[in-house]
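Everything below concerns the one structure shown next.
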Amino acid sequence: MLAFSKRYITRKISFNNVRMLLKYQADQRVEVLLGATTILPCEIIGTSDRLSQITWQKTTKQKDGHFLTIRPNNEVKYSNEEDLRFEFIGNFDEKNGTLKFSNITLEDEGSYTCIFSLLPSGKQSRTSQRVVHVPPNTNLMSYTPIEGNEEVPLATCTAAASKPKAEVKWIKDSLEGKVREELNETQHANGTTTTWSTLLGKPGREMNGQLVKCVISSETIKEEILETNIQIHYSPGKVNIIEKSKVSYECETEANPIATFTWKRSGQPLPPSVQVEGATLQFSSQSNDLSGLYECEAKNPYGSKHTYLFVHFSTGNCADPWFLTGLMILLTILFAGGGIVLLL
């Protein structure tokens with residue numbers, strides 16, 4: 114909340130040889146947060162003139178004119194409809210017409226004048242201005258573009274309906290020089306401003322997961338930092354097969370969204386002794402009839418890639434169990450747009 118120190122100045126006024134002091138707040142322009150409470154002070158000291166009434170009037174966006182009168186015995190009368198947001202906290206007998214004004218709105222911005230009706234010296238008044246500040250509603254929205262060569266929005270940071278307007282900037286870290294900022298603002302009829310900044314760039318898979326920060330600052334709030342990780346959708350990249358054991362192999366690829374994997378055997382269905390769990394192909398035995406060509410396909414909504422695994426199990430007469438499966442040599446060659454891993 115905005116905080117303001119109060120400093121009072123007394124001013125001597127003379128009327129018909131009557132000297133009095135009008136006490137007023139030195140800072141006549143007071144800034145108040147939307148929905149907060151402010152004090153409208155007014156007090157006369159150093160005069161024996163009789164006070165007949167204290168009248169308050171305002172000049173705001175909503176309406177002008179008198180809105181409240183204070184009479185002897187601290188009687189408060191509203192000129193039109195009663196506005197209970199104004200509370201009299203002064204004392205009529207002490208010539209103090211101070212009001213407490215709560216739940217202030219944008220329509221309440223303007224000047225407020227208290228008028229003392231004194232006999233015989235006449236009327237004395239003081240005016241102060243209330244400026245309403247509105248903190249921004251902040252938001253950071255990220256997009257999920259598909260990998261491509263055209264510049265597209267990656268994220269938008271918004272400071273909505275603030276008064277005065279907020280400043281929006283980006284900390285781009287590793288994306289510095291690869292993306293640019295586009296700043297826009299809209300002024301609303303109620304005096305607030307919405308400011309938004311969009312981060313633009315050519316969506317490449319190397320951007321995926323990179324952290325960016327939006328920094329929002331204004332007179333009404335401390336610096337606020339919003340964070341997001343850039344998200345880029347792209348098809349599977351190169352598919353690799355990793356040997357987890359002599360009878361277990363796993364497919365790997367880079368994709369966003371994460372790819373799903375399908376294992377197939379070329380020319381025939383997978384035998385019961387070969388199990389598939391997600392990206393993993395598992396042989397429960399090493400019999401010769403399991404030898405052959407196996408295909409792994411990685412797929413997501415934006416494309417697919419595949420590679421091949423050729424497995425050959427040979428049986429010998431050696432009593433050593435390790436040599437029963439023969440020697441396995443790993444080779445990779447190109448085949449039908451994918452790759453082949455041969456196990457011999």
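Residues 114 to 457 (the working numbering) are what the sequence shown spells out, left to right. Think of the CB as a built atom: it goes at the ideal place given N, C-alpha and C, for glycine as much as any other residue. Being a predicted model, the structure only gives us computed values, none of them experimental.
Between residue i and residue j, which are expected to be in contact by the criterion C-beta below 8 Å, what is the C-beta distance as a whole number of angstroms?
i           : j           : result
residue 318 : residue 362 : So it is not a contact: roughly 25 Å between Cβ atoms.
residue 172 : residue 223 : 5 Å
residue 405 : residue 378 : 6 Å
residue 337 : residue 353 : So it is not a contact: roughly 43 Å between Cβ atoms.
residue 246 : residue 299 : The Cβ separation is near 18 Å, so there is no contact.
residue 376 : residue 421 : With a Cβ gap of about 11 Å, residue 376 and residue 421 do not count as contacting.
residue 86  : residue 373 : In the structure displayed, the chain extends from 114 to 457; residue 86 sits before or after that span and is not available.
Using a 10 Å radius around the Cβ and a threshold of 16 neighbouring Cβ atoms, would you call residue i buried or exposed?
i           : result
residue 331 : buried
residue 142 : exposed
residue 335 : exposed
residue 250 : exposed
residue 154 : buried
residue 410 : buried
residue 324 : exposed
residue 359 : exposed
residue 187 : exposed
residue 148 : exposed
residue 244 : exposed
residue 285 : buried
residue 369 : buried
residue 386 : exposed
residue 357 : exposed
residue 167 : buried
residue 208 : buried
residue 241 : buried
residue 382 : exposed
For residue i, collect the residues of the same chain with a Cβ closer than 6 Å to its Cβ; drop the 5 residues on either side in sequence, then sort them by chain order.
i           : result
residue 538 : A query on residue 538 cannot be resolved here, the shown segment of the chain reaching from 114 to 457 and no further.
residue 220 : 174, 175
residue 238 : 226, 228
residue 137 : The predicted model places residue 137 with a pLDDT of 45, which falls under 50 and marks its position as unreliable, so this point remains unresolved.
residue 215 : 150, 198
residue 276 : 246, 247, 304, 305
residue 322 : 342
residue 204 : none
residue 287 : 323
residue 367 : 350
residue 257 : 344, 346
residue 395 : 361, 388
residue 393 : 363
Closer than 7 Å by C-beta to residue i: which residues in its own chain qualify, once you throw out the five before and the five after it? Chain order, please.
i           : result
residue 434 : Caution applies to residue 434, whose pLDDT of 27 falls short of 50 and renders its modelled position unreliable; the model cannot decide the point.
residue 232 : 162, 163, 165
residue 303 : 219
residue 279 : 249, 272, 308, 329, 330, 331
residue 201 : 183, 187, 189, 212
residue 60  : Outside the displayed range of the chain (114 to 457) lies residue 60, so it cannot be described from this structure.
Within the same chain, show all residues whose beta-carbon is closer than 8 Å to that of residue i, passing over the 5 residues directly before and after it, in chain order.
i           : result
residue 253 : 268, 269, 270, 271, 327, 339, 340, 341
residue 259 : 316, 345, 346, 347, 415
residue 180 : 169, 170, 171, 191, 192, 193, 196, 199
residue 314 : 264, 265, 267, 288, 291, 292, 293, 320
residue 178 : 170, 171, 192
residue 301 : 274, 307
residue 230 : 164, 165, 166, 167, 168, 236
residue 371 : 413
residue 261 : 315, 316
residue 397 : 360, 386, 387, 388
Say whether chain D places a C-beta atom closer than 8 Å to the C-beta of residue i.
i           : result
residue 390 : You won't find chain D in this structure, because it holds only one protein chain.
Are the segment 417-427 and the segment 387-405 touching by the rule of at least three beta carbon pairs closer than 8 Å? yes
Which runs of the beta strand (DSSP E), 3 residues or longer, sit entirely within the segment 187-256? 188-191, 199-201, 212-214, 223-232, 235-246, 250-255
What are the start and end residues of each continuous beta strand (DSSP E) run of 3 or more residues lying completely inside the segment 305-390, in chain order? 306-314, 324-330, 337-342, 353-358, 361-365, 373-378, 387-390
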